[in-house]
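Undergrad: In this text, residue positions in the sequence shown follow our numbering: the first is 26, and each later residue adds one.
A virtual CB, placed ideally from N, CA and C, is assigned to each residue, including glycine.
All figures in this text were calculated on a predicted structure; none of them were measured in a lab.
Pasting a structure here, questions to come.
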Amino acid sequence: MSRILPFCLLVVLTACGTTASSSAATTADVAADSAVDIATADASPDVAATGTDFNAQASDFTCIQKGTKIRNFYLTNPLGNLDAAVAVANNAAGGQYPVGTIIQLIPNEAMVKRFKGFSATSDDWEFFSLSTSASGTQILQRGTTAVVNQFGGNCFDCHSKADAKFDLICEETHGCAPLPFTADTIAAVQSADPRCP
Ligand code: HEC
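Structure representation (structure tokens):
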């Protein structure tokens, strides 16, 4: 298993992708374009009561190595909340990541923090399954509790096992079942991101 899975990851990395326009949207924008994007959310968003949102588009997912590396994962925040996001990641007591945080372990998967109220079930995280190639990123699936990865694993099912104080972030010590990859294998997959120069 542990020898086959990394190979599968690299094969999937060769899949073709397209790009789309970027969006650091306000909730007013969300009201206009959320029908498809958040169709899998638990309930209709209360757009009137919320603040800033980050409704990620395919083009928002670029070379994973451009992010800030924290232990095994990479983190970015296109809304300018990077320092706050890094502070949460480095806080042993956990915490809630700020809106706009994009976290990736491997190029083909991402978690994005949406606006407060997006989904109480998923702690306002949106899960993404991505296809990546040298020409960019394609969104295969996005949502809260129904997104599965390229191996058929449900993102939320695994990540919801993390201790509540860690905001659905698993890492190696937060209570999720471990992945069958070593940190070295994860790093190798990150280095092989076809979108990186
Ligand atoms: C089999 C359980 C499982 C599935 C399915 C799964 N993950 Fe994870 N994920 C983990 C574990 C465990 C880690 C921690 C890996 C490590 O650091 O060793 C992780 C790490 C991550 C990270 C880095 C932050 C963190 O939580 O440590 C992101 C982002 C992530 N996964 C997103 C996803 C997305 C998106 C999907 C679905 C497309 C997904 N995962 C599916 C278990 C899973």
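What are the residues that DSSP puts in a beta bridge with Y122?
TA: Its beta-bridge partners do not exist; DSSP assigns none.
Undergrad: Whole-angstrom Cβ separation of F181 and T198, contact assumed at under 8 Å?
TA: No, F181 and T198 are not in contact; Cβ-Cβ is about 20 Å, not under 8 Å.
Undergrad: Grab the span of the alpha helix (DSSP H) containing F211 for me, first residue to last.
TA: One point to set straight first is that residue 211 is Ile, not Phe, in the sequence displayed. Here the alpha helix (DSSP H) through I211 covers 208-216.
Undergrad: Nearest to L104 by CA position, among K94, A81, N97, I89, is which residue?
TA: A81
Undergrad: Where does K91 sit, in a helix, a strand or coil, going by DSSP?
TA: helix
Undergrad: Per DSSP, which residues does T101 bridge with? Please list them.
TA: I127
Undergrad: Tell me the DSSP secondary structure of F181 in three-state form.
TA: In the three-state scheme derived from DSSP, where H, G and I count as helix and E and B as strand, F181 is classed as helix.
Undergrad: Closest by CA to A208, which one among N97, D85, G76?
TA: Selected option, being the one with the closest Cα: N97.
Undergrad: Report whether the distance from the Cβ of N116 to the nearest heavy atom of ligand 1 is below 6 Å.
TA: Short note on N116: C-beta not closer than 6 Å to any heavy atom of ligand 1.
Undergrad: To the nearest angstrom, how far is it from the Cα of T77 to the Cα of F140?
TA: Distance between the alpha carbons of T77 and F140: 6 Å.
Undergrad: Cβ atoms of C201 and K12: under 7 Å apart, would you say?
TA: Past the edges of the chain, shown from 26 to 222, lies residue 12, and the structure says nothing about it.
Undergrad: Taking the straight line between their C-alpha atoms, what separation do you get for S216 and F143?
TA: 32 Å
Undergrad: By the DSSP assignment, the alpha helix (DSSP H) with A114 in it spans what residues?
TA: 107-114
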